Amino acid sequence: MYMFRNLCTGVSRITVRFGTRSMSISSSRSVGQLLSGRNDDHGGVIVEMSTEPVDAVVFGSLLRASILHWRQEVNITITCELGMGIVSTTIYTLPAMSPYELSMFTVMINSIIGGVVLQGKKGVWIKVPIELVNLVEPAVKEGFYFHHAEPKYLMLVYWIPETPSTIPVNATHRVGIGGFVMNEKKEVLVVQEKSGILRGTGVWKFPTGVVEEGEDICDAAVREVKEETGVSNKILILIDTKFVEILAFRQSHKSFFEKSDLFFVCLLQPLSFNIQPQESEIEAAQWMPFEEYTAQQFVQKNEVLKYISDVCLSKREGKYSGFSPVPTTGSFSTTESYLYLNRHCLNSP
1 MYMFRNLCTG VSRITVRFGT RSMSISSSRS VGQLLSGRND DHGGVIVEMS
51 TEPVDAVVFG SLLRASILHW RQEVNITITC ELGMGIVSTT IYTLPAMSPY
101 ELSMFTVMIN SIIGGVVLQG KKGVWIKVPI ELVNLVEPAV KEGFYFHHAE
151 PKYLMLVYWI PETPSTIPVN ATHRVGIGGF VMNEKKEVLV VQEKSGILRG
201 TGVWKFPTGV VEEGEDICDA AVREVKEETG VSNKILILID TKFVEILAFR
251 QSHKSFFEKS DLFFVCLLQP LSFNIQPQES EIEAAQWMPF EEYTAQQFVQ
301 KNEVLKYISD VCLSKREGKY SGFSPVPTTG SFSTTESYLY LNRHCLNSP
């Protein structure tokens, strides 16, 4: 991928056609090198830098020129009513225009079609790979700010219009799971942590973990139980389970680096019963009578855990139904996703 592109000096002609009608504007201007970007679906532009070394001073110059160009570049947003409450919005991008050219263009386009909004670029996103960390400082000096970071890149963003920014914030929540696994003897699977705040306390807890990026909650629950109680990288794999349903979930705030937290309590059916604790994370694991688990002082003094225990007890007695996953596809995507719902109540007469 090339980092920048050349816009040549010369005369350009802008032609817009709507059905059998068309209009044109000619302009003559000289534009130098610009950062190479692609339009997003919201009137913005995304720049993905390659890992090829770039001088910070050169980058700063290119960035200033590009921002000026994007500010003057014209987005045409055309909204059409398709009937039955369906609205189609299309964004077209035209080269940068002078104020005079823009005013002429506005008059002509409004004579052809209504419902048109003219504006420059909105948000500018720059994806900076870790190899080009030297470009962060010049970008920040031009008004960019951090949006989010991943192990291999930093995403910077800039809002061009004078209006309040509508750029969405970074991910606000972390998603965790707890696995409630009960065998035919009405014993629950519990573990003692080797690290963390419960280390050395003697507290027995349900296996817990964090949902990975792109992972479904139901798959994460099965994986975490296996990872905490089994040896998944060896021949022996222990405590396989089948996901049944979500029993409850809790939302808390300022939990992890000021982020909010969603914690899902998941019911799983055991398919195997031999326990081999994961040496790196778990001190011990066992099947424990449910009443013995709930009698722990740690559980009794924790309001959330008491509620969770009551829910699990009601489920064991057949008095409670949670949310089970239903594979679905949406109108705007063919990718399969899960809708979690209470099938028992849904199918009740």
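Read left to right, the sequence shown gives residues 1 to 349 (our numbering). C-beta atoms are modelled at their ideal positions from N, C-alpha and C, and glycine is treated no differently. Predicted model, so just to flag it, every value in this text is computed and none were measured.
DSSP three-state call for residue i: helix, strand or coil?
i, result
"GLY83", "Any answer about GLY83 is weak, because its pLDDT of 46 lies below 50 and its placement is not dependable; what the coordinates show is given next. Correct three-state label for GLY83: strand."
"LEU198", "coil"
"TYR293", "helix"
"SER61", "helix"
"PHE273", "coil"
"TRP204", "coil"
"ALA219", "Per the sequence presented here, residue 219 reads as Asp, with Ala not at that position. Reduced to three states, the DSSP call for ASP219 is helix."
"ASP41", "coil"
"LYS186", "coil"
"GLU213", "coil"
"ILE46", "strand"
"LEU265", "For clarity, residue 265 is Val in the given sequence; the question names Leu instead. DSSP places VAL265 in strand when its eight states are reduced to three."
"SER36", "coil"
"GLU52", "coil"
"LYS226", "helix"
"SER255", "strand"
"SER324", "strand"
"GLU303", "helix"
"ILE67", "helix"
"PHE332", "coil"
"SER165", "coil"
"ILE308", "helix"
Measuring only the C-alpha atoms, how far is residue i from residue j?
i, j, result
"VAL210", "ARG199", "18 Å"
"GLY123", "ALA220", "34 Å"
"SER30", "PHE264", "Reliability fails at SER30, whose pLDDT of 43 lies under 50, so the model's placement of it is uncertain and the value that follows must be treated cautiously. Their Cα atoms are separated by approximately 58 Å."
"LEU34", "HIS148", "24 Å"
"VAL181", "GLU317", "15 Å"
"CYS218", "CYS266", "8 Å"
"GLN296", "PHE290", "10 Å"
"LEU268", "GLU224", "11 Å"
"CYS345", "ILE126", "48 Å"
"LEU132", "PHE146", "15 Å"
"ALA285", "CYS312", "19 Å"
"LYS186", "TYR158", "57 Å"
"GLN300", "THR201", "15 Å"
"PHE332", "ASP216", "19 Å"
Spatial neighbours of residue i within its chain, please: CB distance less than 7 Å, with the 5 preceding and 5 following residues excluded, ordered by chain position.
i, result
"PHE273", "ASN183"
"PRO138", "ALA56, PHE59, GLY60 and LEU63"
With a Cβ-Cβ cutoff of 8 Å, do residue i and residue j count as a contact?
i, j, result
"GLU150", "ILE67", "no"
"LYS152", "GLY44", "no"
"ILE239", "LEU189", "yes"
"VAL54", "LEU135", "yes"
"ASP261", "GLY179", "no"
"GLN192", "GLU283", "yes"
"THR294", "SER309", "yes"
"PHE243", "VAL222", "yes"
"ILE160", "ARG71", "yes"
"LYS259", "THR163", "no"
Starting from residue i, trace the alpha helix (DSSP H) both ways and give me its first and last residue.
i, result
"ALA171", "Here ALA171 belongs to no alpha helix (DSSP H), and DSSP marks it neither H nor E."
"TYR320", "No alpha helix (DSSP H) holds TYR320; DSSP gives it neither H nor E."
"VAL140", "136-141"
Taking the continuous beta strand (DSSP E) assigned at residue i, which residues delimit it?
i, result
"TYR340", "337-341"
"LYS127", "123-129"
"VAL157", "153-159"
"PHE146", "145-150"
Sorted by chain position, which residues of the same chain lie with C-beta nearer than 8 Å to residue i's C-beta, five sequence neighbours on each side aside?
i, result
"VAL326", "TYR338, LEU339, TYR340, LEU341 and ARG343"
"THR328", "GLU336, SER337, TYR338 and LEU339"
Apart from the five residues just before and just after residue i, which ones in its own chain have a Cβ nearer than 6 Å to its Cβ?
i, result
"GLY330", "none"
"VAL47", "LEU35, GLY37 and ILE126"
"PRO207", "GLY179, VAL191, GLU224, VAL225 and GLU228"
Under a CB-based cut-off of 8 Å, is residue i close to chain B?
i, result
"LYS185", "Note that chain B does not occur in the displayed structure, where there is just one protein chain."
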